[in-house]
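Heads up, the sequence shown is in UniProt numbering, so the first residue is 1 and it goes up one at a time. Below is one structure, written out as structure tokens, with a few remarks after it.
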Amino acid sequence: MLPKLSHQQTLEPVYLAFLDALAKSHYCGDIDKRYSARLAQATDNSVYQFLPQAVLYPKSQADVSLIMSLAAKPEFNKVVFSARGGGTGTNGQALTHGLILDLSRYFTQVLEINEQERWVRVQAGVVKDALNDALRPHGFFFSPDLSTSNRATMGGMINTDASGAGSLVYGKTSDHVLELTSVLHDGSVLETKPLDLQALETLDALESPSLGETLQRDIARMTREHRDEVERRFPKLNRFLTGYDLKNVWNASQDEFNLSRILTGSEGTLAVITEAKLDITPLPKTRMMVNIKYDSFQSALRHAPDLVKAEATVVETVDSKVLNLAKQDIIWHSVASLIEEVPGASIDGLNMVEFAGEQEEVEEKVKQLQAMLDSQLEAKQAGLLGYQVTADRASINTIYAMRKKAVGLLGATKGSRKPIAFAEDTAVPPEKLADFIMEFRALLDSHQLQYGMFGHVDAGVLHVRPALDMCDPQDERLLKTVSDQVAALTLKYGGLMWGEHGKGVRGEYGPAVFGETLFGLLEEVKGYFDPHNKLNPGKLVAPKGTGPLLYNVDSTKRGAFDRQIPVQTREAFPDVMNCNGNGLCFNYSVYSPMCPSFKVTGDRVQSPKGRAGLMREWLRLLEAEGVDVEALAKAKPLGWLQRTQNTLKKEREYDYSHEVMESLKGCLACKACTSQCPVKVDVPKFRAQFFNIYYQRYLRPVKDYLVAGIEESLPLMAKVPQITNFASQNKLSQWVIKQSIGYVDAPALSVPTLKQRLENHACRGYDLNALQQIPAAEREQYVLVVQDPFNSFYEADTVYHFIKLIEKLGYKPVLLPFKPNGKPIHIKGFLDKFAKTAQSSADFLNQVHALGMPMVGVDPAMVLCYRDEYKEILAENRGDFNVLLANEWLLQVMNTREPAASSGKRFTWFSHCTESTAKPNTAKEWQAIFEGFGAELKTLSLGCCGMAGTYGHENDNLKRSKALYQMSWDEAIKSLPQEEILISGYSCRSQVKRFGGFKPKHPVQALLSLIDNN
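Here is the structure:
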């Protein structure tokens, strides 16, 4: 039986005292000591796991100053911090066992845009893509382009001196930093910007300089004295990251000093950066991309120098492993036409070459490149298989979206060994890249490792992710061996192991790269800024005399915890274990369907990554208690009395399971994660598994039973719809339901009911024997309409109109008897009941399937449940039946009909979350159908509407539900005529009816009106 999990790593006394003092001060931000919150911040996009003491979310720079000044008191000398933004680091840069200082929640303002002087002022928590959204209307963008741009923050980019595609032209983040505002270890504020020699002389003359003024003065003197050694030792690399940029802190003529260069790339070890003034780049007027296909990855690499000589803005490459993974992902539908297969050949390498700038110049460069490629193709040189050119901005952006998703896609590799980050951002001179990679591959091959490769060949940077199983101690040791070998290999080629993603825990390789003198200077810089080693200690360097670094490549990894979970349990919860921390679920855009619960709360506990991490710890703790999780999943609940007693104790007795429940019950079960996440983490699936086990020990809410019984109750209630509606819709009943059960604005049953609407209708009633007597040649004229509980009983007109549409199209509709689908049961975690319901429905639908007549349903969520949840729980017992979505069947019909003449009618279709993520071609299908009916259809794919089945009807979720609707749906709905709005999802139509004040049509109803009007 599920035990009470009382274990949690308690906070150290000094941290408890510090947090208590902070709470009693004038601090205005959030203090989160929850075990769940600490776990959510214990990992990033690396293999490491460090549990912090707590998470602080300051609301202002004054809060940050207060935190640091309080921590500077002698009694809090052991309190340490790590600033954190998007958590996208691949080498544990922001991980700590101290306090996380998360600036991503409140430091999110673009403060000022100056078009004339071409700069922008931002807070550190602004997401990079959000910044570009703000700049785009002004004709500018922030040009360093990294793959995690939809969740990485500007503070994180500055701290790691981030760059990405096109860095030869656009440079690194440090090349665009004009001024920085930072908080130092004593709480004082430091403003850094370029200082000329006269300004430095003024600092030298000060009798009582502040800490910031002392830093400017002393570091300027030190770096100038060692200028020759810096110039001699630093390789001439586009991506040479030092941690503290001793080279560029002085300009070329050495008459201007800029301490911002030291802070940019310092990984939070010197100060807490709160604000930045950045230069911005005009948006290019013309963009063109050439996608070049090769017979091997080596051919793509060796051809790259020719492409750089063509003066391309960007030259990116991916290998066959990444391409093949992309083909299995939702992203491929958008890029397949841009990377067409080559008949008779296999594309094993791809270079993506972009030109950006003035139209005439760009077109001429592309023309010259095409001429070169045509000549090489004709001569069968360079391993070329072909190329495609596109000048469509949307297409170019989708290509980059595929490339950006490559990091996460590698995590979707089958098997226990997964490509992981630890030696993934090597940089060498571009002309040496191909030879370097060949030796790199030989190194990995010598260890029998699989790997995927992609990167920025124009800058000599290639991302290489060897596949290792971090649950295997032998593979963990191999990670260190390979890491050491790669570090040595990069030095051999005049390169660097950390060319793009920062050092993080790899500081141990610093002395070999910098030499004793320069490494000593880095230690001095750290000592000037942070003498007590309180800011992200253990990373990059330590102040001189304080001992060795705390962290190295062998530091504690997530695998050390994961391997404590039995193999059979890991296999039973694959989605929990497969999350690789890439963080795409933190996508900032309100128009992305990915994880609405995180978008509306800003709480990383309420995200797929957070939930997977909490579940892993839950499984680990169960194993520590000696619990067989598989047996537990099949166990019977405790008696009602015992569960009642346990439930009454919930507020008084800690149980870690409650924190997991708090996280999972916030999930909308929209299933966007199952397709948007590169590794297809299915939160609703393991959410249902957890609910099923949790409620063996604790009482379920009454509302869960109400939802679980809704499909069985609706046919009975529909026999007396007026009485049912009177009982449920009057104000007294609604108040009682809200107070006792927790539901608000429950929908009314349709009057007349679907049965009443069809009493005098020609729609053929279901009779299996009669249908079996129909000759096989005539059966294709019949369409079997599969009912779902929501449309059939709450929106009977939708099903009725679909039946009429079928008739108008010349087919014979047959309304199948209502059979519970089971999705509501699954969402609430009644897995045993769901399995029985699914099997019963599957048996019936397989029987009907034998008739050879198409079965069609009108609600996407319900229809797709047959394909997903049924397949998961029934496996081979599901059978071969197939229920089509209305658009899938209509598309088949359109292929047999002549297109109708244009009616001049216009509509806009709003996508349902499940539909748009599970079937990304749905929008194009509806457009083709409406075009065939002589109408124009515009499609909108927004974020979540906030309803998601019964989620939005629960009083606890009402505020979040409304906030989600207002994020992206409200404005879009208000901007269109109501009669033009079409929504295929029942839950989305319910939400618009609630907050928009009208009931939108299902697309099939609009099609019926088009036929009727003709």
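Note that CB positions come from ideal geometry on N, CA and C, so glycine has one too.
Rounded straight-line distance, which links the Cα of residue j to that of residue i
i	j	result
A205	G212	15 Å
N1013	E888	24 Å
D868	E630	22 Å
D458	W969	41 Å
L549	L101	21 Å
K365	A391	13 Å
L369	L385	15 Å
R779	M289	50 Å
Y244	S82	17 Å
E524	P543	6 Å
A963	S210	46 Å
K492	K172	24 Å
E954	E971	24 Å
F844	F802	22 Å
N730	Q739	14 Å
A401	Q676	12 Å
S334	D129	20 Å
N921	S941	12 Å
N791	L809	21 Å
V308	V428	15 Å
W618	G29	29 Å
G602	L1010	44 Å
Cβ-based burial, residue i [other Cβ within 10 Å; buried from 16]
i	result
P473	exposed
W498	buried
W735	exposed
G125	buried
I723	exposed
F910	buried
Q772	exposed
Y991	Checking the displayed sequence, the identity of residue 991 turns out to be Gln instead of Tyr. That one is buried.
E354	buried
residue 1044	Residue 1044 lies beyond the stretch modelled for the chain, which goes from 1 to 1014, so this question has no answer here.
Y800	buried
Y588	buried
C585	buried
G415	exposed
H185	buried
E898	exposed
R403	buried
L716	exposed
Start-to-end residues for the beta strand (DSSP E) that takes in residue i
i	result
K73	From DSSP, K73 is part of no beta strand (DSSP E); its letter is neither H nor E.
Y782	782–785
P813	812–815
F355	349–357
Q388	384–390
G857	855–857
V679	It is not in any beta strand (DSSP E) - V679 carries neither H nor E in the DSSP assignment.
D30	30–32
L884	883–885
T939	935–940
T214	Note, T214: premise wrong, no beta strand (DSSP E); alpha helix (DSSP H) at 211–225.
Residues bridged to residue i (per DSSP)
i	result
S182	L190, I273
V55	D32, I100
residue 1017	The question about residue 1017 has no answer here: the residues shown for the chain are numbered 1 through 1014.
K557	Y48
E256	D196
G765	L815
Host alpha helix (DSSP H) of residue i (start-end)
i	result
G507	Careful: G507 lies outside any alpha helix (DSSP H) and carries neither H nor E.
K404	393–404
W735	731–740
A633	629–634
Complete beta strand (DSSP E) runs within the segment 288–342 (minimum length 3 residues, chain order): 314–319
In chain order, each alpha helix (DSSP H) run of at least 4 residues that lies wholly inside the segment 437–501: 473–492
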